[in-house]
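The number in the working numbering is simply the position in the sequence shown, starting from 1, with 551 added.
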Amino acid sequence: MPEGPEIRRAGDRISRALVDKEIVKSNFYYVRIKDREEIVKNKNIKEITTRGKAMLIRFKNGWTMYSHNQLYGRWTVNLNTTKIKSTRALRVVFKTKKHTVRLWSATDIDLLPTSEEHEHSFLKKIGPDVLNESCSYKLIEERLTSKTFHKKKASTLMLDQTVFAGLGNYLRSEILFDAKIHPDDRPFDLDKTRITQWAKSIKNISHLAYKTGGFTVSKYIADRNKENGEPRKSYRHAVFMRYQYECLNCKSRIERKWYGKRKLDFCPSCQIQTGKIKPSR
Ligand SMILES: [Zn+2]
Numbered sequence: 552m553p554e555g556p557e558i559r560r561a562g563d564r565i566s567r568a569l570v571d572k573e574i575v576k577s578n579f580y581y582v583r584i585k586d587r588e589e590i591v592k593n594k595n596i597k598e599i600t601t602r603g604k605a606m607l608i609r610f611k612n613g614w615t616m617y618s619h620n621q622l623y624g625r626w627t628v629n630l631n632t633t634k635i636k637s638t639r640a641l642r643v644v645f646k647t648k649k650h651t652v653r654l655w656s657a658t659d660i661d662l663l664p665t666s667e668e669h670e671h672s673f674l675k676k677i678g679p680d681v682l683n684e685s686c687s688y689k690l691i692e693e694r695l696t697s698k699t700f701h702k703k704k705a706s707t708l709m710l711d712q713t714v715f716a717g718l719g720n721y722l723r724s725e726i727l728f729d730a731k732i733h734p735d736d737r738p739f740d741l742d743k744t745r746i747t748q749w750a751k752s753i754k755n756i757s758h759l760a761y762k763t764g765g766f767t768v769s770k771y772i773a774d775r776n777k778e779n780g781e782p783r784k785s786y787r788h789a790v791f792m793r794y795q796y797e798c799l800n801c802k803s804r805i806e807r808k809w810y811g812k813r814k815l816d817f818c819p820s821c822q823i824q825t826g827k828i829k830p831s832r
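Structure representation (structure tokens):
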């Protein structure tokens, strides 16, 4: 599933093709926005930004197209001359003199005035985007230790989009491993130093994944994992999809836990549960 870093990279790719370029043609095939398509049809684009897993395409005329790809939506950027073969449902097309940008399959698409973005049902309830520069370590620490969130499990906090926007399955496992936090521990169970480390891991691991296109370990480690015969889905991570392999730190066997239908991979030796072993006062 695409998480914040993948959506932001898609946003960067689309920006390069569309922003400040002349839109020679655009089409909106999706029924939910059909009634408003004339407002933005063939209009030029000012900027493209992301909020967690949502993308915002802002037109120069003061309107915004909101889209959320969930599990199945997909953006493609091609030269106009490229022949496209796809069985997916086409939702939106933007065409410049050089490129054609297409949104496929997504079902969560909306058109709204840019000035009303903050009132959008999804955007108004999500937390700060961990990839945004304005989301500091300090802000992350404050949220983790706030009355609203401090008694929720790490496994819950690292997926809940109202806490932080942009985290998903692989980032959850990788962040908690990097910070050495057990998935059942809560901010309430941890001292200041460990909260600080957790906040740093949230930001740093997300940023690394954004920069590298989904890698949450260094190139050196990824190459070594690969040489050991690991497939792509696991060699680019430290624990996620590595549950049958050895921990990179301590050589313990990586374990898997399920929370609902979402898997979480972790090292039982590096991520010791604090909450359970803490003596009661
Ligand atoms: Zn370990």
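Heads up, the beta-carbon is just placed ideally off N, CA and C, and yes, glycines get one too.
In the pairwise beta carbon analysis, the segment 695–707 is classified as not touching the segment 564–581: fewer than three pairs are separated by under 8 Å.
By the Cβ neighbour-count rule, VAL582 is exposed, with fewer than 16 other Cβ atoms within 10 Å of its own. In the DSSP assignment, GLU589 falls outside any beta strand (DSSP E) and lies within the alpha helix (DSSP H) extending over 588–591. Check the Cα spacing between GLU725 and each of ARG807, GLY811 and TRP626: the tightest is with ARG807. The Cβ atoms of VAL681 and SER566 lie no closer than 7 Å to each other. Counting along the chain, no beta strand (DSSP E) covers ASP729; the unbroken alpha helix (DSSP H) around it starts and ends at 720–729. SER687 sits exposed, since fewer than 16 C-beta atoms from the chains shown fall within 10 Å of its C-beta.
If you measure from each CB to the nearest heavy atom of ligand 1, the residues under 6 Å come out as CYS798, ASN800, CYS801, SER803, CYS818, SER820 and CYS821.
Assigned with DSSP and collapsed to three states, HIS758 falls in helix.
By alpha-carbon distance to GLN795, the top candidate from CYS818, ASN620, GLY811 and ALA773 is CYS818. DSSP places TYR580 outside both helix and strand once states are collapsed to three, so it counts as coil. Within the segment 640–723, the runs of beta strand (DSSP E) that reach at least 3 residues and sit entirely inside it are, in chain order, 641–646, 650–655 and 659–664. In this structure, the alpha-carbon of GLU598 lies about 23 Å from that of SER656. Contact between ARG723 and LEU741 does not hold, since their C-beta atoms are separated by about 17 Å, which reaches or exceeds 8 Å. Going by C-alpha positions, TRP614 is about 15 Å away from PHE645.
Counting along the chain, ARG559 sits inside the alpha helix (DSSP H) bounded by residues 555–569. Around the beta carbon of ASN800, fewer than 16 other beta carbons sit within 10 angstroms, so the residue counts as exposed. Annotated three-state conformation of ILE608 is strand, per DSSP. Pairing PRO679 with ILE584, the inter-Cα distance amounts to about 27 Å. Taking 8 Å as the upper bound for CB-CB distance, ASN593 and LYS576 are in contact here, some 6 Å apart. In the displayed model, PHE791 falls within coil according to three-state DSSP, outside both helix and strand. In the three-state reduction of the DSSP assignment, SER803 falls in the coil class, being assigned neither a helical nor a strand state. Cα atoms of LEU674 and GLU778: separation of roughly 43 Å, rounded to the nearest angstrom. Remark: C-beta atoms of ARG559 and THR601 approach each other more closely than 7 Å. If you look at ASP816, you'll find it isn't in any alpha helix (DSSP H); it sits in the beta strand (DSSP E) that goes 813–817.
With contacts defined as CB atoms closer than 7 Å, THR665 and ARG609 qualify as a contacting pair. Around the beta-carbon of GLY811, fewer than 16 other beta-carbon atoms lie within 10 Å, marking it exposed. One thing to note: HIS650 has its Cβ within 7 Å of the Cβ of ALA568.
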